[in-house]
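Novice: For my numbering, add 147 to where a residue sits in the sequence shown, where the first one is 1.
Think of the CB as a built atom: it goes at the ideal place given N, C-alpha and C, for glycine as much as any other residue.
Pasting a structure here, questions to come.
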Amino acid sequence: MNRREQRLARVRCLLTHKCNDRNHRWCERIQQVFGESGIDSLIDPFPQGCDIDKRIETLNVHALLFLSDPESLKSEYCLKELNAARRRSIPIFAAQIEGPIPEEFRRRIYISLDGRKVQDCTGELAEFASALRSRGQLYQKIKHLTQDQFPEDSRSLAKSISDEPEVTVLAEFVKELKLRFREMKSDPTTQYWLACAIGKVGTPEAKRILARLLQEKDIHPYAQEGLKDAIRAVSDLMSKGGTQ
148 MNRREQRLAR
158 VRCLLTHKCN
168 DRNHRWCERI
178 QQVFGESGID
188 SLIDPFPQGC
198 DIDKRIETLN
208 VHALLFLSDP
218 ESLKSEYCLK
228 ELNAARRRSI
238 PIFAAQIEGP
248 IPEEFRRRIY
258 ISLDGRKVQD
268 CTGELAEFAS
278 ALRSRGQLYQ
288 KIKHLTQDQF
298 PEDSRSLAKS
308 ISDEPEVTVL
318 AEFVKELKLR
328 FREMKSDPTT
338 QYWLACAIGK
348 VGTPEAKRIL
358 ARLLQEKDIH
368 PYAQEGLKDA
378 IRAVSDLMSK
388 GGTQ
């Protein structure tokens, strides 16, 4: 594994929480379990006196875990971190610490720790960490796809994205993949692999995205071929009942 692959293998996750003794105990336990799963947890990363608004917007993280309790849900700074993650399309997860979990988090991947003892949740936290890590890694790969990369690096990244074994994970990022396809017009090979990744999702939404991209102007013939191949792949999956 080269240095770039080693960097992409690690996921940085911000643990968003209102500071209190209970939440700190959970943060320490989560940090320990996540560390064993290839995730670096950031706990209270902002020094006193810094411009929190600016630091949140530029913080290098690949996932956010919101520790949901009544205090965190009312915290100005917790909500700032959450809103920054939304704006940057960072994958958001939740841990239910106390009280009802908001509907937004119910639509995401979350773990219920309400009423649990810190030392009794190792297995559940490890399984949760696996789901977070796979999404954080994919987010990181997509964000690294930029015009100023060496073409071979972009192509390698795009190919690794298309090789993602968890189709449900790819499906969560299909809109991001569409945006990256448009941004990478200077490299039709990278576009080809991104089209394959979208096609692998195999949903009607993926097919609509591919069809719209195919209709856009100035698409390189090789990228067009990737879009056509991907549309055929989606059609085959749908005809076999692979999607609803």
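1. On a Cα-Cα basis, can you pick out the residue from ASN207, PRO351, THR205, LYS325 that is closest to ALA380?
2. The beta strand (DSSP E) spanning SER188 covers which residue range?
3. Considering only the alpha carbon of each residue, which of HIS367, LEU361, SER386 lies closest to LYS375?
4. Can you check DSSP and say which residues form a bridge with ILE258?
5. Identify every residue that forms a DSSP beta bridge with ALA210.
6. Consult DSSP for GLY388 and reduce its assignment to one of helix, strand or coil.
7. Within 10 angstroms of its Cβ, does PRO238 collect 16 or more other Cβ (buried), or is it exposed?
8. Along the chain, where does the alpha helix (DSSP H) that runs through ILE345 open and close?
9. Would DSSP call SER215 helix, strand or coil?
10. If you drop the 5 nearest sequence neighbours on each side, which residues of the same chain put their C-beta closer than 7 Å to that of ALA358?
11. Would you check if the distance between the CB atom of LEU260 and the CB atom of GLN284 is smaller than 8 Å?
12. Among ARG263, GLY262, PHE240, which residue has its Cα nearest to the Cα of PHE252?
13. Could you give the C-beta distance for ILE88 and CYS160, rounded to a whole number, given that I count them as a contact under 8 Å?
14. Here's the rule: buried if 16 or more other CB atoms are within 10 angstroms of the residue's CB, otherwise exposed. What is GLU313?
15. In the DSSP assignment, find the unbroken alpha helix (DSSP H) run with SER309 in it and report its ends.
16. Give me the residue from ASP200, LYS322, VAL348, ALA370 with the minimum Cα distance to LYS332.
Specialist: On the basis of the coordinates in this document:
1. The residue from ASN207, PRO351, THR205, LYS325 with its alpha-carbon nearest to that of ALA380 is PRO351.
2. Residues 186–190.
3. For LYS375, the nearest C-alpha among the options comes from LEU361.
4. ILE258 pairs with ALA242.
5. In the DSSP output, where bridge partners are listed per residue, ALA210 has CYS160.
6. Looking at GLY388 - three-state DSSP - the assignment turns out to be coil, as it is neither helix nor strand.
7. Classification for PRO238: buried.
8. Here the alpha helix (DSSP H) through ILE345 covers 335–348.
9. SER215 falls in the strand class under three-state DSSP.
10. Same-chain partners within the cutoff: ILE378.
11. Contact: no.
12. Considering only alpha carbons, the answer is PHE240.
13. Only positions 148 to 391 of the chain appear in the structure, and residue 88 is not among them; the question remains open.
14. With fewer than 16 other CB atoms across the displayed protein chains lying within 10 angstroms of its CB, GLU313 is exposed.
15. The continuous alpha helix (DSSP H) containing SER309 extends over residues 298–309.
16. It is ALA370.
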